[in-house]
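Residue numbers (this note's numbering): 1196 to 1428. From the three backbone atoms N, C-alpha and C, an ideal C-beta is built for every residue, glycine too. Written out below as structure tokens is the structure these notes cover.
Structural data, given as structure tokens:
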């Protein structure tokens, strides 16, 4: 009985030893100097994210490691080494900000810098205080353009002890009166990011000089201030 058990065990070990052993996953440099990642079967992966040695990588449909901009529902940026980037980056002279998850941040303010709808950071030196009185401080952050409108992004700091409604009045672009869409409610002691919006069909003579007035109203819509502003883009 014991001899038969040992014989069976030996036969099993010989069979296992004869099976192919899977190789470890590894990098492979291709003849065109691109890189691929081979899985444990030795096959290059494609159209897939892979976490390798503490970094995320994306592999294209042609089975090569991606570098530069990658769009996979969201937009990401991969460095020259293929690793996904986070934080501030510069590409072709423009600055961008990538969140902790690598996604390109759009239409928001980071570190006091406005990032437009395309993800491009607006130069901080272009910011301008449009109005600063005892009630509010309104700062121009940057310019944004959508498919149907032009927008001035502004930050409103409510310095008063009451809720305020800020609106625009008698607005002109390059000397022509236009309708500007803007109404922002800001709580006491708080700040808000909003935009003064102009319809493209109303702006037919360039978009360089914007002038008008900010009206400051209480929560019950009682007007308490009416101050002029202007900006050259």
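Considering only 1315, 1382, 1303 and 1299, the residue with the shortest C-alpha distance to residue 1331 is 1382. Excluding sequence positions up to five before and after residue 1336, its CB lies within less than 7 Å of the CB of 1304, 1309, 1317, 1322, 1348, 1349 and 1350, all in the same chain and listed in chain order. In its chain, beyond the 5 residues on either side, no residue has a beta carbon closer than 6 Å to the beta carbon of residue 1340. The Cβ-Cβ distance between residue 1363 and residue 1407 falls below 8 Å. Looking from the CA of residue 1273, the closest CA among 1288, 1220, 1254 and 1289 belongs to 1254.
The Cβ neighbour count for residue 1222, taken over all protein chains shown within 10 Å, is under 16; the residue is labelled exposed. Judged by pairs of C-beta atoms under 8 Å, the segment 1411-1426 touches the segment 1352-1369, as three or more such pairs exist. By the CB criterion at 8 Å, residue 1266 and residue 1275 fall outside the cutoff. Between residue 1314 and residue 1281, the beta carbon gap of about 14 Å keeps them out of contact (Cβ cut-off 8 Å). Residue burial is scored here from C-beta neighbours: residue 1292 has at least 16 other C-beta atoms within 10 angstroms and is therefore classed as buried. Taking C-beta separations shorter than 6 Å and ignoring five residues to either side along the sequence, the partners of residue 1376 in its chain run 1392, following chain order. Fully enclosed beta strand (DSSP E) runs of no fewer than 3 residues occupy 1344-1353 and 1359-1368 of the segment 1333-1380, in order along the chain.
Sequence-distant partners of residue 1234 (beyond 5 residues in either direction) whose C-beta falls short of 7 Å from its own C-beta, in its chain, are 1220 and 1240.
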